[in-house]
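Structure record follows, encoded as structure tokens.
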Amino acid sequence: MKFKRMRIPLVTIAFVVMLSPTTAFAELTLASVFTDNAVLQRDMPVPVWGNADPAAKVVVEFAGQQKTATADETGKWRLELDALPASSDPEVLRVTSSDKSDTVSIANVVVGEVWICSGQSNMQMGIPQIPAIKKLMTQPQKLRSFLVDQTVSFSEQKSCSGTWREKHPDSAVAAAFAYFLEQSSGVPVGIIQTSWGSSSIEGWMPRDMTEELPHFRDIMQKFDADTEKRERIKAILEGREEWNRRADIFLRTQPNVIYNAMMHPLVPYACRGIVWYQGESNTGSLSSMQVYAETLKRWIQRYRREWNRDDLHFQIVMLPGFGKTVKGSPNTDPERPDARSWAWMRESQLSVLQLPHTSVANTIDLGMLKNIHPTDKLPIGKRLALLAAHDTLGQDILARGPVMKNVEREDNHLVVHFDHSDGLTTKDGNAPRAFWISDDSGQWVEADATIRGETVVLRSPEVKNPQYVRYAFAGKPKVNLVNQADLPAYPFRSDSFQP
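According to mature numbering (1 follows the signal peptide of the UniProt record, and there is no 0), the residues represented by the sequence shown are -26 to -1, 1 to 473, in order.
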């Protein structure tokens, strides 16, 4: 594998030259995310920004619109195009200085649905590794994508390296998601892929989130104090240390610096939302999985402030089945609900549903027992597209599996009620699996489960006074409960026991 990355200079040597206002000059530019073949987001205002001479008047023309802006004292300018209808007809976006002395334009621009797809290695995993998606990409499609080069920076960057292409995303998950979204929406779909394997959520955080997350403040204090680590980052970026696999792993596991170089340059590019497939690097301990709930919610809210969009939609990919348990687990059984497994991370991921404009793609029936990079990515893309079609485009479809609504007690058994449970059944025709019940002791026993209408009835001769339920609350549970759309039931627990 070759590691060829964009290197952003850490130190700029400035020669201060006294210039009169008439001789000062700054090249008229568009932000780096605007290139030929771009997709602009439909049905919402579209920010366009760049640089020019200080106080220069700038005119932007696109699809019959003409908007003007004045550059500030640093040369930055920004304006908004009015909401645009979807269009696959290529247009030119033209930027001109008011005196027409300088012009920048990008060609072959269309309007449709734009999503940012981010995360770590399972988002980055390429199409050649997933035969089903490789085959899918041979089907007629007109997807477009922008791949952000992988690099880091100590400070927030204004630009990134990448270009829009008339090509599907490199990411298997993003490509499948885009394909099915294009099929359901009937409009151009553009994906901005910015991902890096092994990265933690802290790597994608703005530095000022230290003010609201104590654990991130501690991480950044240690990072700032580690002069040896910071010097090594400089050496790699400046070419004094070879950027090989070892160096690559080192860079992508650092806090904040990925956000600075790979996410901040995209703000505030108009998009429908962000798909986030990350979390594996935050499963090292039970506490890190539990703190992820608040971290993820704060991170979403912070990004919405960056984009100045309260309705910026977030789709979280739930971590799929995996047999890993953490230190201190009472057992290592991947099917038991009392093991300290990825079940706790999934619970944290599902907590984002407390926020508006969020979705979680359920993957509890996917994954591999011992492989952290499973290849069953096609269903993930399909489910993300279903959620996007329902939750952001308003399509009247069944887009998610059964979700626990409430649990009630009837005599010596429990009845679980669900939302999104039309046609509740099992994939294999057998009784529902992965339901466990407990009394107040917290001792879990696998329940005998029966479907009754759109509910599931649970009982066990070993639990005379059942109080609580855990469903699929395990590392790699064997599940079979689905609705008529063949979408799996979401994992849940009705108890509040501490692990």
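All C-beta atoms, glycine included, are put in the ideal place defined by N, C-alpha and C.
Residue i - containing beta strand (DSSP E), residue span
i	result
residue 474	The chain is shown from -26 up to 473; residue 474 falls before or after that span and cannot be answered.
M377	Position check: residue 377 holds Val in this sequence, whereas Met was assumed. V377 -> beta strand (DSSP E) spans 377 to 384.
E247	Checking the displayed sequence, the identity of residue 247 turns out to be Gly instead of Glu. 247 to 251 is the span of the beta strand (DSSP E), which, as asked, contains G247.
L55	50 to 55
Q289	287 to 291
P64	61 to 71
E87	77 to 93
S412	409 to 412
Q40	39 to 44
H387	387 to 393
K31	31 to 36
V430	429 to 433
V334	332 to 335
T424	422 to 426
V443	442 to 445
V13	13 to 15
Classification of residue i by the beta-carbon crowding that lies within 10 angstroms, buried from 16 upward
i	result
F471	exposed
P308	buried
Q15	buried
P330	exposed
S75	exposed
A411	For the sequence presented, residue 411 should be read as Ile rather than Ala. Buried, by the Cβ-count rule.
L(-17)	Low local confidence applies: a pLDDT of 41 at L(-17) is under 50, so the model's placement there is unreliable, and no value is given.
Q328	exposed
Q103	exposed
R467	buried
T269	buried
I354	buried
M(-26)	Because M(-26) carries a pLDDT of 39, less than 50, the predicted location of this residue cannot be relied on, and the following value inherits that uncertainty. Exposed.
S159	buried
V453	buried
R357	buried
G416	exposed
T332	buried
L343	exposed
Beta-carbon proximity list for residue i, same chain, < 8 Å, skipping 5 on both sides
i	result
S259	V300, K301
W51	W23, G24, N25, A26, A30, V32, A43, T44, A45
A(-3)	Interpretation of A(-3) is limited by its pLDDT of 48, a score under 50 that renders its predicted location unreliable; the figure taken from the coordinates is listed afterwards. So the list reads D27, P28, once near-sequence residues are dropped.
P143	C91, L117, S119, L121, A149, A152, I165, Q167
V(-10)	Summary for V(-10): the model assigns pLDDT 33, below 50, so the residue's position carries little reliability; its value from the coordinates is reported in the next sentence. Result list for V(-10): empty, nothing under 8 Å.
A313	T299, S303, P304, N305, T306, D307, A448, G449
K203	F197, Q228
S133	A5, S6, P239
residue 549	Not covered by the structure: residue 549. The range shown for the chain is -26 to 473.
M3	A small fix is needed here, since residue 3 is Thr in this sequence, not Met. G24, N25, A26, V78.
M18	A57, A244
Chain-order list of residues whose beta-carbon lies under 6 Å from that of residue i (same chain, five-residue window excluded)
i	result
T227	S172
G253	L293, M319
V430	V390, P406, A423
L352	A106, I107, A150
R444	P311, W410, R467
D350	L340
A60	R16, V85, G86, V161
Host alpha helix (DSSP H) of residue i (start-end)
i	result
T201	201 to 211
Q275	260 to 281
L225	219 to 226
S169	Note, S169: premise wrong, no alpha helix (DSSP H); beta strand (DSSP E) at 163 to 169.
L360	352 to 365
L324	317 to 324
Nonlocal neighbours in the same chain, by C-beta distance under 7 Å from residue i, ignoring five residues either side
i	result
I193	E176, P229
I(-19)	Bear in mind that a pLDDT of 42 at I(-19), under 50, signals an unreliable position, so the number given afterwards is only what the model happens to contain. For I(-19), where only same-chain residues beyond five positions count, the Cβ hits under 7 Å are T125, S127, Q131, L211, A235.
V377	F392, D393, H394, Y464
W281	V241, P242
E47	P28
P(-6)	Interpretation of P(-6) is limited by its pLDDT of 39, a score under 50 that renders its predicted location unreliable; no figure is taken from the coordinates.
G375	N336, H394, V456, N457, L461, P462, A463, Y464
N93	In the sequence as displayed, the identity of residue 93 is Gly instead of Asn. Counting only Cβ-Cβ distances below 7 Å, and skipping sequence neighbours, we find S169, W250, Y251, Q252.
D284	R278
### Task
Examine the Cβ distances between the segment 364 to 371 and the segment 418 to 436 and report whether three or more of them are shorter than 8 Å.
no
### Query
Can we say the segment 113 to 121 touches the segment 69 to 80, given the rule of at least three CB pairs closer than 8 Å?
no
### Query
Are there three or more Cβ pairs, one per stretch, closer than 8 Å when the segment 62 to 70 is compared with the segment 79 to 98?
yes
### Query
Is the segment 308 to 328 touching the segment 448 to 459, taking contact as three or more C-beta pairs under 8 Å?
yes
### Segments assigned alpha helix (DSSP H), at least 4 residues, entirely inside the segment 102 to 188
105 to 110, 146 to 159
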